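Those letters in the sequence shown? Residues 1 to 132, per full-length UniProt numbering, in order. Backbone N, C-alpha and C define an ideal beta-carbon position, used for all residues, glycine too. Bear in mind the structure is a predicted one, so any value in this text is a computation, not a measurement. Below is one structure, written out as structure tokens, with a few remarks after it.
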Amino acid sequence: MKIRVVSSKDEIETLGSDEEIVHLAFRPSNTDIFSLVMKCPDVKALHIPSSYKKTLSRSAEMYLEMQGIKLLEGDVWGHRKDINEYSEVSRNVYDRITELRNEGLPEEEIAEKMSKETRLSPDFIEFLMKEK
């Protein structure tokens, strides 16, 4: 799964309408979120650092919820935007989730274990498990 990394509000205009997951590496305003949703009608999730998520307005959260867009917390570790505008979730992450499911672990335990192994947030792992 590819995650489009957006470093500034100016980049919102460069997004394609087919983006499904967008990581906002800046503190978004309500207007930025509204613009992003209008530009990307197929977006399924916004991924933002936890420090930025804490400052997001309640109205922005409610708007995303009404649009059926998940608000996920976390960082994109080790990604270099100057090399590629997308960060990608490795196939190994999906394989490991399948392996843990086959072992019979409950979803919450899988999310917790995968979070420790991959440094992805538990809510992002849960999102990946539902999308797969």
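Between Glu65 and Ser50, the CB-CB gap reaches or exceeds 8 Å. Sorting Pro28, Ser35, Met38, Leu36 by C-alpha distance to the C-alpha of Arg58 places Pro28 at the top. Within the DSSP secondary-structure output, Ser87 pairs in a beta bridge with Ile3.
Between the alpha carbons of Leu24 and Arg96 lies a gap of roughly 27 Å. In the three-state scheme derived from DSSP, where H, G and I count as helix and E and B as strand, Glu20 is classed as coil. Nearest in C-alpha terms to Glu20, of all of Ile3, Ser8, Glu11, is Ile3.
In the three-state DSSP reduction, Ile33 falls in the helix class (H, G or I). Beta-bridge pairing by DSSP links Leu72 to His47. For Ser87, the number of other beta carbons within 10 angstroms of its own is at least 16, and it is reported as buried. Taking the CA atoms as reference points, Thr14 sits about 18 Å from Ala45. Straight-line spacing of the CA atoms in Asp42 and Met129 works out to 19 Å. Glu107 sits away from Glu131, with the two beta carbons spaced by 8 Å or more.
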